[in-house]
Amino acid sequence: MFLGGAYEEALGGVHNLFGGPSVVRVSQSDGPHSFAVTRAMPGQSSADVLRAVQHEPEIMFQSLKHRAEKLMHTKGGGEDEDDEELNNVVACLDRSFNNMPYLATEPASMSNSLSAAISNLGFYYSDEDGFDYLSA
């Protein structure tokens, strides 16, 4: 039996910056659930998709990091709090380039207002962590 996600495949073209979707191979089995996941391949990361359309995610990341640092310096406040908040923002930005561009409903760990402000209006990007339990 073959189950395909035509919608995901159609969205997976590089022209729309979603990249290829994750692919899971499922086989029939005699186990308690009558199926077994035999292979799981995560789709492209956001950085991979950006590279495919001639962008440089490393430069983009450095530019965003610089802007976050500049914002933290103009904001003022406690230096230790600012450093921790900046580290959280930079880590979130870094994850956003390494995660897949598909949206998920589970938020990444963001603990402060500046991090929450960059959370994309309540939508959070999925990542490869969900595939860890599937890989054999």
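The numbering of the sequence shown is the UniProt record's numbering, which starts it at 1 and goes up by one.
Using N, Cα and C, we set each Cβ at its ideal position, and we do this for glycine too.
A quick note: this is a predicted structure, and the numbers were derived from the prediction, not measured.
1. Spatial neighbours of M72 within its chain, please: C-beta separation below 6 angstroms, excluding the five flanking residues on both sides.
2. Given a cut-off of 9 angstroms on the beta-carbon distance, is the pair T38 and R25 in contact?
3. Based on DSSP bridge pairs, tell me the residues matched to V39.
4. Between P42 and S22, how many whole angstroms is the CB-CB distance? I'm expecting something under 8 angstroms.
5. For a quick check, are the C-beta atoms of L93 and K75 less than 9 angstroms apart?
6. Cutting at 7 angstroms between CB atoms, please list the residues of its own chain near E69, excluding the five before and the five after it.
7. Note down, in chain order, each residue of its chain lying with its Cβ closer than 6 angstroms to the Cβ of D129, except the 5 sequence neighbours on either side.
8. Can you check which of these residues, A36, F61, G31 and E79, is closest to R95 by C-alpha distance?
9. In or out: Q54 buried (at least 16 other Cβ within 10 Å) or exposed?
In terms of the structure at hand:
1. As a working note, residue 72 is residue 72 in the sequence shown. Excluding sequence neighbours, M72 sits near D82 and L86.
2. Counting from 1 along the sequence shown, the entry for residue 38 is found at position 38. Counting from 1 along the sequence shown, the entry for residue 25 is found at position 25. Cβ atoms of T38 and R25: closer than 9 angstroms.
3. Here residue 39 is taken as the residue at index 39 of the sequence shown, counted from 1. Strictly speaking, residue 39 in this sequence is Arg, with Val absent from that position. In the DSSP output, where bridge partners are listed per residue, R39 has R25.
4. Taking the sequence shown and counting its residues from 1, the one referred to as residue 42 is at position 42. Taking the sequence shown and counting its residues from 1, the one referred to as residue 22 is at position 22. With 8 angstroms as the limit, P42 and S22 qualify as a contact, their Cβ atoms being about 5 angstroms apart.
5. Reading the sequence shown from its first residue, position 93 is the one you call residue 93. Reading the sequence shown from its first residue, position 75 is the one you call residue 75. No; because the gap between Cβ atoms is not below 9 angstroms, this pair is not in contact.
6. Counting from one through the sequence shown, the residue named residue 69 turns up at place 69. So the qualifying residues of the chain are L86.
7. Translated into the one-based positions of the sequence shown, residue 129 becomes position 129. Reliability fails at D129, whose pLDDT of 48 lies under 50, so the model's placement of it is uncertain and the value that follows must be treated cautiously. Closer than 6 angstroms at Cβ, skipping near neighbours: no residue.
8. In the sequence shown, residue 95 corresponds to position 95, counting from 1. The residue with the shortest Cα to Cα distance from R95 is F61.
9. The count along the sequence shown starts at 1 and reaches residue 54 at position 54. Classification for Q54: exposed.
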